[in-house]
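Heads up: the sequence shown begins at 133 in the working numbering, then just goes up one per residue.
Glycine included, each C-beta is placed from N, C-alpha and C at the ideal position.
None of the values given here were measured: they were computed from a predicted structure.
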Amino acid sequence: MTDRFASGSIVSYPYLWRWQHEEGRENAEKDRPVCLAITVRDPEHEITHLVILPISGTPPHQGQMALEIPPLEIRRAGLSMFKRGWITISEYNYDIAERSY
133 MTDRFASGSI
143 VSYPYLWRWQ
153 HEEGRENAEK
163 DRPVCLAITV
173 RDPEHEITHL
183 VILPISGTPP
193 HQGQMALEIP
203 PLEIRRAGLS
213 MFKRGWITIS
223 EYNYDIAERS
233 Y
């Protein structure tokens with residue numbers, strides 16, 4: 133999971149929601165589509181930092197901020213399992229690509 137993913141890529145990832153973290157969970161229940169919002173390569177340490185935003189077919193809950201994905205972009209991104217889709221922007225996961233999975 134290193135040079136293969138650029139910012140804006142859609143991948144499957146075990147995203148841990150904030151509410152799950154607040155319950156003390158350390159692992160996600162399932163993999164879900166996510167957007168790699170920011171990827172930054174650190175050549176000195178030979179790692180790639182990832183800022184990961186979840187994608188959901190469920191409208192945002194109260195207190196969440198999300199951007200609705202236009203239907204054409206849902207199809208282009210291969211997210212046809214969703215009739216409608218949202219990218220949540222009020223929370224994120226951080227990971228290091230070379231240490232992930």
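For this session: Rank His177, Trp149, Asp163 and Leu204 by C-alpha distance to the C-alpha of Arg231 and give the top, closest one.
Result: His177
Problem set entry | Cα-Cα separation, Ser144 to Pro175 | 25 Å
Exercise. Just the Cα atoms here: how many angstroms apart are Lys215 and Gly189?
Worked result: 7 Å
Exercise. Who are the near neighbours of Lys162 in its chain, counting only those whose CB is closer than 8 Å to its CB and skipping five residues on each side?
Worked result: Pro146
Problem set entry | Trp151, enclosing alpha helix (DSSP H) - first and last residue | Arg150 to Glu154
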